[in-house]
Every structure is written in structure tokens, then in C-alpha cells.
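Asker: Quick note on this note's numbering: the sequence shown kicks off at 16 and runs consecutively.
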Amino acid sequence: MTDDLLRHSHRRYNPLNGEWVLVSPGRIKRPWQGKVENSPGLVLPKYDPDCYLCPGNIRASGKRNLDYDSTFVFDNDFSSLSHATPDLELNKNGLIHAKAERGTCRVICFSPRHDLTLAQMDVDAIADVVEVWKLEYENLGRLDDVNYVQIFENKGELMGCSNPHPHCQVWAESSVPVEPSKEMTRLGEYREAKKRCLLCDYVELELKERERIVYDNSSFVALVPFWAVWPFEVMIISRHHVANLPGMSREERCEFAEVLKNVTIRYDNLFKISFPYSSGIHQSPTDGLVHDEWHFHMHFYPPLLRSATVRKFMVGYEMLANPQRDITPEDAAARLREMSDIHFLNSEVM
Ligand code: H2U
Ligand code: ZN
16 MTDDLLRHSH RRYNPLNGEW VLVSPGRIKR PWQGKVENSP GLVLPKYDPD CYLCPGNIRA
76 SGKRNLDYDS TFVFDNDFSS LSHATPDLEL NKNGLIHAKA ERGTCRVICF SPRHDLTLAQ
136 MDVDAIADVV EVWKLEYENL GRLDDVNYVQ IFENKGELMG CSNPHPHCQV WAESSVPVEP
196 SKEMTRLGEY REAKKRCLLC DYVELELKER ERIVYDNSSF VALVPFWAVW PFEVMIISRH
256 HVANLPGMSR EERCEFAEVL KNVTIRYDNL FKISFPYSSG IHQSPTDGLV HDEWHFHMHF
316 YPPLLRSATV RKFMVGYEML ANPQRDITPE DAAARLREMS DIHFLNSEVM
């Protein structure tokens, strides 16, 4: 990496979605008199009688959760998508254009414990969550009106998460949504032009430079992408060219659980809080077509910038022009790399 790039404003290209980000090193020094968020609290009960995700409790729909002891999956009581949506289309010269969208939404509880997060769960328990992700992807993906399955987690109040109980959501639908669709186009174009995979090539390059790698094990690499938009954005990418969780061996999925624990621990250790983020897995569409171009990966988009209380806002220039960042991806990766891989709540020296 040339030092000049780390000193001067420049644009970086995201080959995965075809968009640009403005990087302005140095701007991080500006004074901050904006809003200061409350730090997310860490002390929670193991069981909360008012939580709609805790075992045995009643949800808003009146349905009762099973008395589960590992993971628990249910149909979202306020699903954004339905299999029963009728065929609809409105198109006036392509200017006023709408189409029906069918599908379903599910909620996955990671643990019966109300007070845990991925960072605090055992790798074995996270591996159970990964197996559920695999099953949901397979079972929902098999449905006739489902061509894409999005698994994502909103963590923390800052991200609009409604409940601290560890959980994620699955939205399964007929269309490939905008973000994975941009990636599909780019991955496909790269494969067509070079007869190689964009993310295989990218991982190879990053492993050579090691400047933006946060952590890697024998099956996965966690890194701050060169084109990261969010301050501590991370991508977990499989080392081997595989399109989805069912395409991996059980050992690889356990390694995925291990890298998930490692990344989330480093996040928590950064500001000694339960680190908020939105994360999501991008797997191949389930449209019955061959997706040789697809390379399994997961994105973490965390909003915090300088401390537990100062967040990055995607407003102003970001809304009207393109994303911009102050801290360089190289700095962010170095900060995360130097964090301990033992959770601060479990370490003797705090
Ligand atoms: P979030 O924390 O990311 O908002 O996800 C929680 C989901 O749980 C949300 O989509 C659903 C909400 O619709 N939910 C139920 O299905 N039943 C309930 O009793 C409350 C919340
Ligand atoms: Zn709970």
C-alpha cells in the first residue's frame, strides 16, 4: 500500500457491487459535538419473562415458544412476505412500475439464554446455529416461489433491533434483492471475462498483502475489505470456491462458527461493549439455475466509529453522492487485529 494513499483523499472501487467510496484519512481528527449515544448495556438476565423470544414465553401473536434448549425457529408473526400474495403487476411506460413479491419470513433464536450473543456463545453452540442457517436455506430455497434466501442479524438498539435476545431473521423471496443482485452481476461479469472467480482472486491478493486481514483459519478469511464503507466493516469469505452452506463440509461450517466467534469477540473488545451491527450471509440464489459465479461470503456493517458513543451517519454527502469514510480500512483492520480473541467479560485483566 503506498503511503500517499493513506495520507490523501481518494476514491476506492468496490468490484463486488460496482460502487465507489470516498476515503478521507485525516478527517477523523475533526471535533465532535454531535449526538452522543448511550452505551448499550451489558447486564441482562438469563431469562426475561417479558421477552417474546425466551423459551416458553408467549409472542405478540399469542403463540407460545417451545421450551427450547439450543436453537428455535418460527414463522415471523409480522412477516413482510407471504406465499399467498396474488399475481399483480403495474407498469406505465416503465415509470410507474410494480410487481407482486411472494415469500416468507422466519426468526431464528440462537440460544435459550437471553443474555448471550454470538461473541459469548461456545463455538459448538454457534455451529448449531450455522446448521440451522444451512437447513433454513435448503428448506426455504426448495419452495417454488423462493429464489433467494437472505439470512441477516440486526444487533443492538442502534441498529433498530427490537430485542437483545440473540436472534436473526430469514427472508425468503421470489426475486433476488438489490444487494445480492448487484454482486451476482459483478461476479458473473468477472467470471465471463477472466474465467476465474472475483472473490477467489481477491482473497488470494489479500492473503499476500495481509494488510487488511483481521483473522483467518483453514477455511475462512475475515478482513476489512479495501472498499469498506462502514468504519469497522468486515467480510468473512470462504477460502475455497463454494456457493452456499450446504456446499460445505460439516468441518468447514464449524470453522465458519469459529471465525464468527473470533470476529464478534474482537468487535466487543474494541469499545468494551456489546458491539452493534447488521450482518448478513450472501449465498447463491435458489432459483434452480447453476451459479458457478457465486462465492459464499458474509458482511458485517457496524455503525460505530470512534467509541461506544460516536457513530457513523450515512447522511449528507453519503445520501446525495456516495459513501465516505475517515478512518482507513487498513487502520480499522489493524485495530481489530490487535484486539484479544478472549472476550473482555471473560478475561482477568479488564
Ligand atoms: P428484529 O429484532 O431484527 O426486529 O427481529 C425481530 C423479529 O421478530 C421482527 O421481525 C418478529 C418481528 O416481526 N416478532 C415476531 O415474530 N413475534 C413477536 O411476538 C414479536 C416480534
Ligand atoms: Zn429472551
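Ideal Cβ positions, reconstructed from N, Cα and C, are used throughout, including at glycine. Computed from a prediction, not measured in an experiment: that's the story for all the values here.
Could you name the residues whose beta carbon sits closer than 6 Å to any heavy atom belonging to ligand 2, keeping them in chain order?
Answerer: 63, 66, 68, 69, 129, 180
Asker: Under three-state DSSP, which class holds residue 284?
Answerer: Against the sequence shown, residue 284 aligns to sequence position 269. If DSSP states are grouped into helix, strand and coil, residue 284 belongs with the helices.
Asker: Looking at the secondary structure, which residues open and close the beta strand (DSSP E) in which residue 172 lies?
Answerer: The sequence position of residue 172 within the sequence shown is 157, counting from 1. No beta strand (DSSP E) holds residue 172; DSSP gives it neither H nor E.
Asker: Rounded to the nearest angstrom, what separates residue 211 and residue 60 at their Cα positions?
Answerer: Here residue 211 refers to the residue found at position 196 when the sequence shown is read from its first residue. Here residue 60 refers to the residue found at position 45 when the sequence shown is read from its first residue. Those two C-alpha atoms are separated by around 50 Å.
Asker: Using 8 Å as the Cβ pair cut-off and three pairs as the minimum, do the region 284–303 and the region 212–220 touch?
Answerer: no
Asker: How about residue 75: is its Cβ closer than 7 Å to a heavy atom in ligand 1?
Answerer: Taking the first residue of the sequence shown as 1, we reach residue 75 at position 60. Checking every heavy atom of ligand 1 against the Cβ of residue 75, one is found closer than 7 Å.
Asker: Looking at the unbroken alpha helix (DSSP H) that takes in residue 186, where does it start and where does it end?
Answerer: Here residue 186 is taken as the residue at index 171 of the sequence shown, counted from 1. Note, residue 186: premise wrong, no alpha helix (DSSP H); beta strand (DSSP E) at 182–188.
Asker: Please go through the same chain and pick out, in chain order, the residues whose beta-carbon is closer than 6 Å to the beta-carbon of residue 230, but skip the five residues on each side of it.
Answerer: Indexing the sequence shown from 1 puts residue 230 at position 215. Spatial neighbours of residue 230 in its own chain (CB-CB distance under 6 Å, excluding positions within 5 residues in sequence) are listed in chain order as 237, 277.
Asker: Quick check on the burial criterion: 16 or more other C-beta atoms within 10 angstroms. Buried or exposed for residue 17?
Answerer: Within the sequence shown, the letter at position 2 stands for residue 17. Burial call: exposed.
Asker: What's the call for residue 119, buried or exposed, on a 16-neighbour Cβ count within 10 Å?
Answerer: In the sequence shown, counting from the first residue as 1, residue 119 sits at position 104. Its Cβ being crowded by 16 or more others within 10 Å, residue 119 is buried.
Asker: Quick check: what's the CA-CA separation for residue 55 versus residue 319?
Answerer: As a position in the sequence shown, residue 55 is number 40, starting the count at 1. As a position in the sequence shown, residue 319 is number 304, starting the count at 1. Low confidence applies to residue 55: its pLDDT is 49, below 50, so where it sits in the model is not reliable, and the reading given next is rough at best. Looking at the two C-alpha atoms, the distance is approximately 12 Å.
Asker: Comparing alpha-carbon positions, which option in 279, 306, 254 lies nearest residue 354?
Answerer: Counting from one through the sequence shown, the residue named residue 354 turns up at place 339. It is 279 whose Cα lies nearest to the Cα of residue 354.
Asker: Can you give me the start and stop residues for the beta strand (DSSP E) that residue 231 sits inside?
Answerer: Taking the first residue of the sequence shown as position 1, residue 231 is located at position 216. Residues 228–231.
Asker: Indicate whether the contact test is met: 3 or more Cβ pairs, each with one atom in the region 79–88 and one in the region 106–120, closer than 8 Å.
Answerer: no
Asker: Just verifying my parser: in three-state terms, what is the DSSP assignment at residue 329?
Answerer: Here residue 329 refers to the residue found at position 314 when the sequence shown is read from its first residue. Three-state result, residue 329: coil.
Asker: Grab the span of the beta strand (DSSP E) containing residue 200 for me, first residue to last.
Answerer: Taking the first residue of the sequence shown as position 1, residue 200 is located at position 185. Where residue 200 is concerned, there is no enclosing beta strand (DSSP E), although the alpha helix (DSSP H) it sits in stretches over 193–209.
Asker: Considering only the beta carbon of each residue, do residue 74 and residue 92 sit closer than 8 Å?
Answerer: Working through the sequence shown from its first residue, we reach residue 74 at position 59. Working through the sequence shown from its first residue, we reach residue 92 at position 77. The answer is yes: Cβ separation under 8 Å.
Asker: May I ask which residues mark the beginning and end of the beta strand (DSSP E) holding residue 114?
Answerer: Position 99 of the sequence shown holds residue 114. That run of the beta strand (DSSP E) goes 111–114.
Asker: Here's a check: name, in chain order, each residue in its chain whose Cβ is nearer than 7 Å to the Cβ of residue 270, leaving out the five neighbours to either side.
Answerer: In the sequence shown, residue 270 corresponds to position 255, counting from 1. Counting only Cβ-Cβ distances below 7 Å, and skipping sequence neighbours, we find 232, 233, 234, 235.
Asker: Confirm, please, whether the CB-CB distance from residue 152 to residue 141 is below 8 Å.
Answerer: Here residue 141 is taken as the residue at index 126 of the sequence shown, counted from 1. Here residue 152 is taken as the residue at index 137 of the sequence shown, counted from 1. Contact: no.
Asker: Using a threshold of 8 Å, state whether the C-beta atoms of residue 185 and residue 155 are closer than that.
Answerer: Residue numbering aside, residue 185 sits at position 170 when the sequence shown is read from its first letter. Residue numbering aside, residue 155 sits at position 140 when the sequence shown is read from its first letter. Note that the C-beta distance between residue 185 and residue 155 is below 8 Å.
Asker: Rounded to whole angstroms, what is the Cα-Cα separation between residue 102 and residue 23?
Answerer: Indexing the sequence shown from 1 puts residue 102 at position 87. Indexing the sequence shown from 1 puts residue 23 at position 8. Spanning the two alpha carbons is a distance of roughly 52 Å.
Asker: Run through DSSP, which three-state label would residue 316 get?
Answerer: Taking the sequence shown and counting its residues from 1, one reaches residue 316 at position 301. Residue 316 falls in the strand class under three-state DSSP.
Asker: DSSP state of residue 145, grouped into three classes?
Answerer: As a first step, residue 145 must be located in the sequence shown, where it is residue number 130. Three-state DSSP puts residue 145 in a helix.
Asker: Using the Cα positions of residue 21 and residue 347, report the straight-line distance between them to the nearest angstrom.
Answerer: As a first step, residue 21 is located in the sequence shown; it is residue number 6 there, counting from the start. As a first step, residue 347 is located in the sequence shown; it is residue number 332 there, counting from the start. One C-alpha to the other measures close to 12 Å.
Asker: Please classify residue 327 as buried or exposed, where buried requires at least 16 neighbouring CB atoms within 10 angstroms.
Answerer: Within the sequence shown, numbered from 1, the residue matching residue 327 stands at position 312. Around the C-beta of residue 327, 16 or more other C-beta atoms lie within 10 Å, and the residue is accordingly described as buried.
Asker: Suppose the cutoff is 7 Å on Cβ atoms and the five residues either side in sequence are ignored; what does the same chain contact list for residue 169 look like?
Answerer: Translated into the one-based positions of the sequence shown, residue 169 becomes position 154. If we look at residue 169 and ignore the five residues flanking it on each side, its Cβ neighbours are 175, 176, 293.
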